[in-house]
Each structure stands twice: as C-alpha cells, then as structure tokens.
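Here the structure comes first, spelled out in structure tokens, and everything after it is commentary.
There are 2 protein chains.
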Amino acid sequence: MTRYLVISSDGHAGPPPEVYRDYLAADFRQAFDRHQEELTAGRMVNTEFVEEWDAETGDHDMRAGYDPSARDRILDQEGVAAEVLFPDADVLGTGRLASSPFGSGLGSGQDVDPAALKEGARAHNRWLSDFCRTNPDRRIGVAVVPLTAGVEDAVGEVHAAAALGLRGVMIPTRWFDSPAYLDPMYDPFWNACAETGMVLHTHSGAGPADYGLGPGMVPIYAAEAWWWAARPFWVLVLSGVFERHPRLRYSIAENGAWWVPDLVRRMDEKWLGGHNTRKFGEVFKEDLTMRPSEYVDRNCFFAASTPGVDEIERRHAIGVGNLLWGNDLPHPEGTYPHTRKWIKERFKDVPEPEARQILGQNAAGLYRLDEGTLGVIAARIGPTVEEVHGP
Amino acid sequence: MTRYLVISSDGHAGPPPEVYRDYLAADFRQAFDRHQEELTAGRMVNTEFVEEWDAETGDHDMRAGYDPSARDRILDQEGVAAEVLFPDADVLGTGRLASSPFGSGLGSGQDVDPAALKEGARAHNRWLSDFCRTNPDRRIGVAVVPLTAGVEDAVGEVHAAAALGLRGVMIPTRWFDSPAYLDPMYDPFWNACAETGMVLHTHSGAGPADYGLGPGMVPIYAAEAWWWAARPFWVLVLSGVFERHPRLRYSIAENGAWWVPDLVRRMDEKWLGGHNTRKFGEVFKEDLTMRPSEYVDRNCFFAASTPGVDEIERRHAIGVGNLLWGNDLPHPEGTYPHTRKWIKERFKDVPEPEARQILGQNAAGLYRLDEGTLGVIAARIGPTVEEVHGP
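These protein sequence lines are chains A and B, in that order. Going by numbering that gives the first Met the number 0, 256 is the number at position 257 of the first sequence; the sequence numbering is gapless. Going by numbering that gives the first Met the number 0, 343 is the number at position 344 of the second sequence; the sequence numbering is gapless.
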C-alpha cells in the first residue's frame, strides 16, 4: 500500500444552536435559549484572529462542524479516512457557538441542573447519531454522558448510545463536587462500557476551578489544563478500575502524551515498593495484581492530537501501540487546514510500520473498524508514503 | 579542597508536643491538647516499619528532631555541614508526633481556626529560633507563615521571623478556599520577603482534597502530591510575582525537579506565541516582560531532596545553579542514616564543579551563608572527593 490509512482520534462535531434546539424535548427549549444567551454574552472574541481564521479556512459559518458534504470534502483534502467525533465544534476566539446543550460537552460536570444536563447530552447524542449515519464508515461518534449527574442514568445512556450506533462515551473530565472516580459507586458504569465494547473517553477542556480572575489567569489555565485532563487516567488505573474491568478500554483525548512516561514510571516504582514509600506498607498493591504500566498498556490509549515533537520522540516509552494521532478538526489548535504538511513534519523520520500504527492502525483496532473498507478510502485520499517520508 | 561542602536544603525540626505546649500562649494550651489528641487518634502506625526504622536509627525518641547534640552528631555522621530547617519532624508511619502546632506545618492552609493557626506558627518559630541558636552556623531556620489566614499578619510575621534570626518563610502549599496566589492582595507579602531577603518556600505535603476514602486513595495521593506541591511555582511565575518583585527568591522543597524542564518549556512556548494558543492573542505577555524560563532561572530554586536519577540526568535542563541537594533528615523517605552512600550513588559521575554547586554552593548563595565558616566544618566532616568519585 503506497498510501497511509489515517484516522483522526480527535475531531469535533456540533451544529448551530437552532439545530440543537430541535433535538431537545420541547419543555427544555426556553431554558436552552437562556443558556445560549449567557454563553454568547460570556464568549471571548479575538477579532484579529477571526479574520485570520476565516481567510485561512473560508468557512465563515463553521459548516465544517455539521454539514456532511463540507466535512467529507475537508476529510478528503486533509487525507483523513475516518475520524472520532467529540462535541463542541465551536471555534473559541471567534465567538461562534456549536456547544453541546447545557454545557454537556467538554466542560461538563460543573454546576448545572442535572435534568437539563442529561437532556442536553441526549440531544447531542441523537444529533450526532444522525450526523454519523450520513457517512458511517468515516464517522465514529462518541456520546456525551454526564456520569457525575447520576450513575444509573449514565448506564442507561451507554446502552442507548450503543443502540444509536455510537462507538464510545465521553464522561466529564472533572468530578467537581461529585464523588471522585475512585468511588466504587461508578462500577456499574465501567461495567456497562466494558460489556458493550463502548470505548471510554475523557477529553481536555475543564481546567482549574479554584481561582478567580487575576493576573496570569489564562496562562495558568493553559499551564495546568493538561493535568486536570490527565487526572482521571491515574485515578482509574490506581483505584483498580482496569483490574475489576479488564475489557474496559479508555482513550484520553487531546491531551498530549509527553507526560505519560514520567508519571507511569513513578506509579510503577511505588507499586514495586520504593524507598520513598516504605512507610506506607503494602497499600500500593492492595487494589492491583499487576504493575500500573501493565494496565496502561492493556487498557489505555493516548489520543494525543496533535502530537508534538516530544510525543514522537518518546513514542516507545509511551507505547507505540497506545498512541493515536488526531487533527482536532475544526479547532484552530489542530492542524486543519494544513494536516498533510503537519503529518509530514512529525512523521518524516518515523519508520513506516510505527507511523502506520500511530496514524491509523491503533485507532482501527481500538474502535474495531473494518480496515478493508477504510483501506479503499485511504487508497483514494490518504497521504502517500512518498509524500510523508520523501524530500 | 579535598572535601565537599554539603548543605541540606531540606531538613525537619520540631520537638515533642509537651515542649511545643510551653511555647504557646497560655489560653491556647487546652485547644492544643485537644488538637493533639485528634492527631494521635488519626495517625497511621505501620508496626513492621517502626521496628525496622528504630533498629536502623537507634532513635526511639526522635531526638534527631529537637536535641541539639543528637542533631549535630547526625550531621557529622552524614557529612552535612549545615541544613535548612522546616517543621514537622514527625516520622509518619511510626505514630510519633512532632508537628508544628494546630497544623501550621506542611499541611497548613486547611480549615483551622485562624487565630490558633497563627499562634501555632508563632510558637514553632520561637522554638525554631531557640533551636537554631544552639548552633547558628549549621542551622538555617525557615519560619512557618499561615499566609492564607491573613496577609497583614503574615507581613508582620516575616519581619518577626527575620528579627528572630530565621532565614526564610514557608507558606501553605495549597490555598484551599482562600484566594489563589495569583491575587494581587498578596503583593505586600511578596514585597516583605523580597525586602528582608527572607527566602520564600513551599514544601510538599498537602495533597488533593477533593476525594474521599476509596480504593487507591493512598497511591493516588502519592501520584498527585508532586503536582499540588509544584503548583505555586507556575502560579507565581505566570502571574508576574517575580516581574513585580525581582529580588524575591523562592525555593520549592522536597518535590523533585524531574518535572521542571517539561513544564517550563511549555510555559515558554506559550509566551513565545505557539500555534496552539494563537486564539488567545497576546494574553501570555500581559504580565511578563521576559520569558517564563528567565524568571525561573533568576528567582527559583529546586530543593529536590533527595535527587533521583532523573534530576541528576536532567540537571542542565533544570539549571545546575538552581538545583539544591537535601537529605530530608529525619524523615525515612530521605537518606538518613545512609547519606554518604546516597551522595556517592547519585554524584559519582557528576563533574566535581557541578556536584559542588548542587551539594552546597547553590544553597550557600541562596541563603547568603559564610562559605569560609562552613568550609572549616566541611573540612572536618564533609565527604571527600575520593569518597564520592572513587571506585
């Protein structure tokens, strides 16, 4: 095969508010309009960036987020055969909204009426299912599930999402004032994901909540966001969720993976019984029969869109079979509309078999995709080996 | 000089409760007794570890924490000329207490009566001052200052501590429900530290507070503790505290430094204006006229006791002039009673000039110590160059 099968493990889809409105139960629409007004009032607009972005993409209406033919055209142009779809296609900085209703998207879990939050999530999931059906081979939908608003409903939503043809669920990255994910009360949910084969996801977005306005606020948010987004990872590993649910598979989206080797090595050292922790006795082995890194290798995936130089350099320590490429379409921190150039830049010197794993095969395995069907698409639009590794 | 001048940038000192009691104002003693009872009831005791530790040190009474001659004997034995002294000499796991009163030590900042907290801190500082006077050349005392319980009192305590002969202040590592350290309300305090030359410190200890009991609780605490302890570092840098107070010097104690290069590089990338943050505009430069790494280099020190293999390997990326060795005496996660062996293990292959910086010169500069006086002590008890680098 002279072309790469490229699967983006991190894309975003969502329609404008007026479309979402129709997917909501009628008695939630008034509250939705109010919530949208608040969002609109609170949005940051960087006019200089808006002009630059519009000129670059030509997409003033954010059709990339919800229009099937616009999306397919972009996928072809970018060389992407298929993609995993999260919510919140809004382009931050432009003031344009396409957010999963009632904050049920990337920042989910904060103080919102639980009934509205759940209805918002269901509305997004129904819309997403319809969107995925417009091209089911190329769209892998991830349902949003407000787990912290109620475990029983969340279990129901896993089954509903599976019935809708979606392939995974995204839970709130932060638990805020709800019980933390180490609490065994969540076990029925982990079990439902494992049994249905729905891939569990968290996605970066919800940052620190314990400081107010002040100098450095945005830079501090930016410096910390990776940690908050990574936190469920070691909470799930160390509390034995993958010990109790060995078939559960978990992908951490848009959060790099440069931090993985240092953190996992330290988790292993403590489990093995290092000098620094001997005063704690055997507590590190109470809930885990294997080393932490063994659960990571078996159950965890890093959808590190867009991989940086560090992720590529550290790929063996991270796990070549656990690292997933993505382009974060249509977000401007992703590689759209220059994905082919970025793929070349990062993968030029990566041996072809490893590049094939990271760019597509790992995702195909995780989401149990048909590589034959996707191969036909890739043979038409995928980046060629020459294009990636050539001069 | 054939011997190394070794200064520990991380030691702990504190007497048993009955001694602390005498340093407290009379009307706080009853509350102190109650608080101690609660502490005693809540302490973890690992009997197997107690036996092992007592056999190893021969110090059943924790005299290392407060007895001047016992301490000096240990310093000589370990090859340490001088040391920086933090509170809480208790040995966790043995159930033995020597905690700065009313939780004013390493875990300070949590929900405690502010009046008691401040009195507890003052009692510790008075005791510490007396302890340091028993051998002022070798003991560098760090006052505890409950900054989050009131800025004005904290400013007063900086001056009081300086008058007591102490060389630095330690503030709560976490702000919990108080305003975060980016808040300009703290400026008078940073200013007081900068003007008096008192070195600012945070020290690891206070971990996550947003989850309850559950599987993996201790391993998760252990996996996260470094981050909570490191957090004031980027909050101070990115909110411009070192921009506004260029003479303020800050040491982060007992928290490794393996994490420094990755985090600082990302802070710089955002300041320089990377692809990922262009949507935010110029916000990263609003409070900083220099790159974050320049403030780090000028104002920040990593008292990374006990350095691991990673800290030594990454010392150039961390800053050879910013890395400080320590032995965490008398805590069992430190190197006591085998410090000489550990120094050899870590520094064997480090060029002598760099080892001299990390083992002692950097601390001498930071605390403005007299290297002549300390050199005389080092010439008697310091590890020899042959001992460290020989076969």
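Even for Gly, the Cβ is constructed at its ideal location relative to N, Cα and C.
Where does the unbroken alpha helix (DSSP H) through residue i begin, and where does it stop?
i        : result
His34/B  : 28 to 41
Leu247/A : Premise fails: Leu247/A is in no alpha helix (DSSP H) and is neither H nor E.
Arg132/B : 113 to 132
Phe346/B : 338 to 346
Ala228/B : 216 to 237
Asp309/A : 308 to 312
Does DSSP classify residue i as helix, strand or coil?
i        : result
Asp60/B  : coil
Leu163/B : coil
Leu262/B : helix
Met289/B : coil
Ser99/A  : coil
Ser68/A  : helix
Thr201/A : strand
Asp209/A : coil
Gly140/B : strand
Gly155/B : helix
Leu328/B : coil
Val150/B : helix
Leu23/B  : coil
Asp369/A : coil
Val349/B : coil
Val295/B : helix
Quick one: using the 10 Å Cβ neighbour count with 16 as the cut-off for buried, is residue i buried or exposed?
i        : result
Val295/A : buried
Gly104/A : buried
His11/B  : buried
Pro245/A : exposed
Glu47/B  : exposed
Pro390/B : exposed
Gln393/A : A query on residue 393/A cannot be resolved here, the shown segment of chain A reaching from 0 to 390 and no further.
Val44/B  : exposed
Lys347/B : exposed
Met184/B : exposed
Arg33/B  : exposed
Ser177/A : buried
Gln356/A : buried
Leu212/A : exposed
Gln360/B : buried
Glu310/B : buried
Gly57/B  : exposed
Thr93/B  : buried
Met424/A : Coverage of chain A is limited to positions 0 through 390, which leaves residue 424/A absent and any answer about it impossible.
In the DSSP output, which residue or residues are listed as bridge partners for residue i?
i        : result
Thr383/B : Arg2/B
Cys192/A : Its beta-bridge partners do not exist; DSSP assigns none.
Leu323/B : Ala302/B
Ser7/B   : Glu82/B
Ala252/A : His202/A, Ala302/A
Using the C-alpha atoms, what's the distance from residue j back to residue i?
i        : j        : result
Val319/B : Glu386/A : 43 Å
Gly255/A : Leu368/A : 24 Å
Ala159/A : Ala120/B : 57 Å
Ala229/B : Asp26/B  : 36 Å
Val141/B : Val83/B  : 7 Å
Tyr397/B : Gly272/A : The question about residue 397/B has no answer, for chain B in this structure spans 0 to 390.
Thr334/A : Gly325/A : 9 Å
Ser8/B   : Trp174/B : 24 Å
Thr305/A : Glu194/B : 45 Å
Gly108/A : Lys284/A : 31 Å
Ala303/A : Ile251/A : 8 Å
Glu242/A : Pro67/B  : 50 Å
Trp227/B : Phe300/B : 17 Å
Ile380/A : Leu323/B : 55 Å
Arg345/B : Glu37/B  : 40 Å
Phe188/B : Glu253/B : 23 Å
Ile139/A : Asp53/A  : 27 Å
Tyr3/A   : Val49/B  : 60 Å
Gly215/B : Val90/B  : 22 Å
Thr372/A : Gly13/A  : 26 Å
Between residue i and chain C, is the shortest Cβ-Cβ distance under 8 Å, so that the two count as touching?
i        : result
Lys340/A : Structure shown: chain C not included; protein chains present are A and B.
Under DSSP, the beta strand (DSSP E) around residue i begins and ends at which residues?
i        : result
Ala81/A  : 81 to 85
Ala88/A  : Here Ala88/A belongs to no beta strand (DSSP E), and DSSP marks it neither H nor E.
Ala302/A : 299 to 302
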